[in-house]
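With mature numbering (1 follows the signal peptide of the UniProt record, and there is no 0) as the guide, the letters of the sequence shown map in order to residues -20 to -1, 1 to 587.
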Amino acid sequence: MKRLALLWALALLSPTLALASNAPAPSTAAELRQSMAALLEAHHLPGAGYAVFNREGTVLSGALGLADGGTRAPVTSETLFRVGSITKTVTAIAIMQLVEQGHFELQTPVARLLPDAPIQNPFNDTEPVRVIHLLTHTAGFDDTHAKAFFSPEERRGRHLESSLQHPESLKVRWRPGQHESYSNPGYWLLGAILEAHYRQPWDEVVSTRVLGPLGITRFATLASQAARGDHAVGHRGPAMERTPVYFEQTQADGALWCSAEDLAKLGRFLLTDGASAPGVLKPETVRAMKETGGTVGARAGLDYGSKLGLHHRIVTGTRWLGHTGGLLGGRSSMHFHGEQGWGYVLLLNSEDELRKLEAPLAAFIAQQAQWKPPAPALSPIEGDVEGWYRVVNPRISLMALPSFLLDAARGRVSGDTLMLEPVLPGFGYQATLKHHGGGRLADVDYGDVVNGVLVRDGSGAVVGIEAGSDFLERTSMVKAVFPLVSVLVSLVLLVSAPFGRRKVLRSRWVRRLPGLALVSLVLCIVCATNLELTLLAHKNWQTVGLWLASVLFPVLGVAGVVLSVRTWKEEPAALARWRCLLGSASVVCLSAWLATFGLFSFALWRW
């Protein structure tokens, strides 16, 4: 199973960027299939379904490899793959139908539609969470907490019930509409809005009002439905280990199963502004889905990031619009490019290498469309931009402390280039951004695609940088550097405390207490690195060990400081007593940081 170190990096359901590829561009359907098959074999991937479409229809589709590594059943054109977060686009279309019909607006507060929704918003009096914030991931919510991942039984509908049972992630962390932070729970509430309006489960709503009208026939909205037919089994790793299908608490954020060719109909509908399926949405509504953003960067002129159920993605140096999906045992991508007039679908029954298989699809489309991006017009960066910045919108609150410590960077300007350098070289936030004029920035790792912007206040002073989905707020050097330095110095002092001349101290507990604190820290690391995703919400030796370590660590630190102070005059060895006092004080310092970010007495089964 995946370990905790990789848990939140899984795109569980989130869009990601893809780097450019130097592979030769396939120019025919046969060459494309050959390229895809070669990549499957090279990266030990079981199977894939793919399709390429344009405004006129599906140009080609293909099925490669195995749907099930155990039974050796092949992928066919009928095979259903679980598409994960691409489901959110379908949910967004259903919501936009209600907006279009005048039942509510994008700016309608969610509490007006769902009075019982357990939203915890300290800014509610002036800035309530609105429908647009749910669609664009800008409500300030956390992402899914451990105990809200899986269900012992398959649930149908009941999105509001799931939200009421697991309200922890619906706490607003900053003013709604400020920053993007990918949040599956926001789509739980959208599912609840649909169910409250239609008085039907989410799957019935989207089946009859979105999928059917789009002409999508090969799909399933429940895992039990997919299991009764031709479906792809999930796999992970080079050994192609099969992964079981785990029931999840909700459906609106990631439950859809579909074939590649049918999913292309969804992409074509968006590409054509709804012309491929008249009556589902008006053209202006589809265009609004592709254009409306919700962050401070969007208001500063950045046309990149999360839209209404859609998200930008960079593949082979070109900006695409659509959505990706990530789940246990699978990955998916559905994207289109308006200027080229083409798009693609890629479905994998493996957690690995999605972006590498997207590259030949994007290259094939570029060959067919004969489209070349305009040359960038770079210009010098003006104004007071140099200084210190810190990422302030981590996706998972559980990762807020490491993000706070490591994701601070110093900005340096050289002509048309802004370099963000981390406090600790080789660790933390690092980027090289080119200025395309008007404060718009492009990360050189992704080519010449503008995916960032300088955010200024009313006086024109730079207050932050929006880069991709990250917002880096301006800060001082002390605030950027001190937290990490204090942690590093504390760790050095703690590790050194148990060593030295042991017999020179009269009270051996003066040395033992910081030593035991170090042992509890090691215990915490061992438990964390052995955690399994499916067991996070349960009491087991890993989660209980984490909780025990998070309690013992600060208690031992405080006890060590108290004992060192009480026996200070009785201990003749100055170096040894200082070493132990500083060791225990370092534990208190580290514990203070843990407590600040809610990690004291931390029980994953309650999180």
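By construction, the Cβ of each residue, glycine as well, lies at the ideal position given by its N, Cα and C atoms. This one's a predicted model, so the numbers in the text were calculated from it and none came from an experiment.
{"Item": "Assigned secondary structure, residue 522 (DSSP; H/G/I helix, E/B strand, else coil)", "Value": "helix"}
{"Item": "Between the CA atoms of residue 429 and residue 403 - distance to the nearest angstrom", "Value": "27 Å"}
{"Item": "Proximal residues to residue 193 (C-beta, below 7 Å), its chain only, five neighbours per side dropped", "Value": "257, 259, 260"}
{"Item": "Option in 239, 528, 504, 497 with minimal Cα separation from residue 564", "Value": "497"}
{"Item": "Cβ pair residue 556, residue 491 closer than 9 Å", "Value": "yes"}
{"Item": "Neighbourhood of residue 329 by C-beta, 7 Å cutoff - its chain only, sequence neighbours within 5 removed", "Value": "26, 27, 47, 61, 212, 213, 214, 215, 309, 310"}
{"Item": "Strand pairing of residue 447, partner residues [DSSP]", "Value": "432, 450"}
{"Item": "Burial state of residue -12, where buried means 16 or more other Cβ atoms lie within 10 Å", "Value": "Any answer about residue -12 is weak, because its pLDDT of 39 lies below 50 and its placement is not dependable; what the coordinates show is given next. Exposed."}
{"Item": "Exposure label - residue 312; buried when at least 16 CB within 10 Å", "Value": "buried"}
{"Item": "Among 140, 190, 156, the one whose alpha carbon lies nearest that of residue 170", "Value": "140"}
{"Item": "Distance, residue 200 Cα to residue 14 Cα", "Value": "30 Å"}
{"Item": "Distance CB(residue 423)-CB(residue 447) smaller than 9 Å", "Value": "yes"}
{"Item": "Secondary structure, alpha helix (DSSP H): runs of 4+ residues fully inside the segment 157 to 188", "Value": "164 to 178, 182 to 186"}
{"Item": "Nearest-angstrom Cα separation, counted from residue 459 out to residue 576", "Value": "15 Å"}
{"Item": "Supposed close pair residue 321, residue 101 - CB separation, criterion 8 Å", "Value": "Contact doesn't hold; Cβ gap of about 42 Å is too wide."}
{"Item": "N- and C-terminal bounds of the beta strand (DSSP E) containing residue 139", "Value": "No beta strand (DSSP E) holds residue 139; the alpha helix (DSSP H) holding it covers 139 to 145."}
{"Item": "Coarse secondary structure for residue 1, derived from DSSP in three states", "Value": "Any reading at residue 1 must be qualified, since the residue scores a pLDDT of 46, below 50, and its modelled position is unreliable; the value itself is stated next. It is coil, neither helix nor strand."}
{"Item": "Three-state secondary structure assigned by DSSP to residue 580", "Value": "coil"}
{"Item": "Contacts around residue 39, its chain only, beta-carbon distance under 7 Å, and the 5 residues preceding and following it disregarded", "Value": "32, 33"}
{"Item": "Uninterrupted beta strand (DSSP E) stretches inside the segment 201 to 271 (no shorter than 3 residues)", "Value": "214 to 216, 221 to 223"}
{"Item": "Beta-carbon contacts of residue 17 that lie in its chain and below 7 Å, excluding the five residues immediately before and after", "Value": "44"}
{"Item": "Residues sharing a beta bridge with residue 314, DSSP", "Value": "303, 325"}
{"Item": "Burial state of residue 145 (16 or more Cβ within 10 Å)", "Value": "exposed"}
{"Item": "Neighbourhood of residue 155 by C-beta, 8 Å cutoff - its chain only, sequence neighbours within 5 removed", "Value": "103, 107, 120"}
{"Item": "CA nearest to the CA of residue 409, picked from 384, 344, 281, 153", "Value": "384"}
{"Item": "Endpoints, the alpha helix (DSSP H) within which residue 15 is located", "Value": "9 to 22"}
{"Item": "Residue 96 classed as buried or exposed, judged by whether at least 16 other C-beta atoms fall within 10 angstroms", "Value": "exposed"}
{"Item": "Same chain, Cβ closer than 6 Å to residue 244, five either side skipped, listed in chain order", "Value": "31, 33, 38, 325"}
{"Item": "DSSP bridge partner residues for residue 199 (one or two, in chain order)", "Value": "238"}
{"Item": "Which residues DSSP lists as bridging residue 455, in chain order", "Value": "368"}
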